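Here's the structure we're looking at; comments come further down.
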């Protein structure tokens with residue numbers, strides 16, 4: 004099957020959206036639901052002010068919701084992207100989400116890029132690429148037999 008350029012772009016977009024969703028969820032992970040009930044009780048019209056207060060539990064709840072929304076959006080993009088191409092080509096492109104995640108963590112959260120993070124990503128991406136390469140070899144072997 005010939006892979007469409009639009010599918011490659013969709014899968015790369017999905018990889019970026021996945022990495023962004025993971026960063027958004029990490030930002031929202033400081034969520035502590037204990038104070039949320041009292042925030043709603045006190046809020047009234049002040050709820051808008053609480054949403055933008057980054058120490059607010061309501062803020063963290065909204066951020067987590069945005070992260071889950073990004074993941075759902077990613078699933079829709081993936082479904083559309085995988086429809087128009089060869090999985091052995093497209094999935095390694097999606098695996099770049101691990102690389103994007105490390106880069107986004109460094110840029111947005113100030114996390115350090117360690118040897119172990121880089122090694123882990125290289126192992127994962129290499130494994131996915133080898134799987135795709137093995138599939139190509141298998142298909143070529145079947146064609147020779149026919």
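Residue numbers (the working numbering): 4 to 149. All residues carry an ideal CB built from backbone N, CA and C; glycine is no exception. From a predicted model like this one, the values you see are computed outputs, not experimental measurements.
- Residue 69 holds the alpha-carbon nearest to the alpha-carbon of residue 24 among 64, 69, 65.
- It is roughly 31 Å from the alpha-carbon of residue 106 to the alpha-carbon of residue 5.
- Going by DSSP, residue 92 is part of the alpha helix (DSSP H) stretching over 90 to 97.
- In its chain, beyond the 5 residues on either side, 11, 14, 15, 18 have a beta carbon closer than 7 Å to the beta carbon of residue 96.
- Annotated three-state conformation of residue 135 is helix, per DSSP.
- From the listed residues 115, 91, 103, 118, the smallest Cα separation to residue 132 is found for 91.
- The C-alpha of residue 80 lies about 19 Å from the C-alpha of residue 102.
- For the 8 Å CB-CB criterion, residue 127 and residue 82 do not form a contact.
- The C-alpha of residue 63 lies about 26 Å from the C-alpha of residue 116.
- Relative to the Cα of residue 20, the nearest Cα in the group 74, 123, 93 belongs to 74.
- For residue 108, there is no enclosing alpha helix (DSSP H), as DSSP marks it with neither H nor E.
- Per the coordinates, the alpha-carbon of residue 26 lies some 16 Å from the alpha-carbon of residue 120.
- The beta carbons of residue 67 and residue 28 sit about 6 Å from each other, so the pair counts as a contact at 8 Å.
- In the structure shown, residue 7 falls within a coil segment according to DSSP collapsed to helix, strand and coil.
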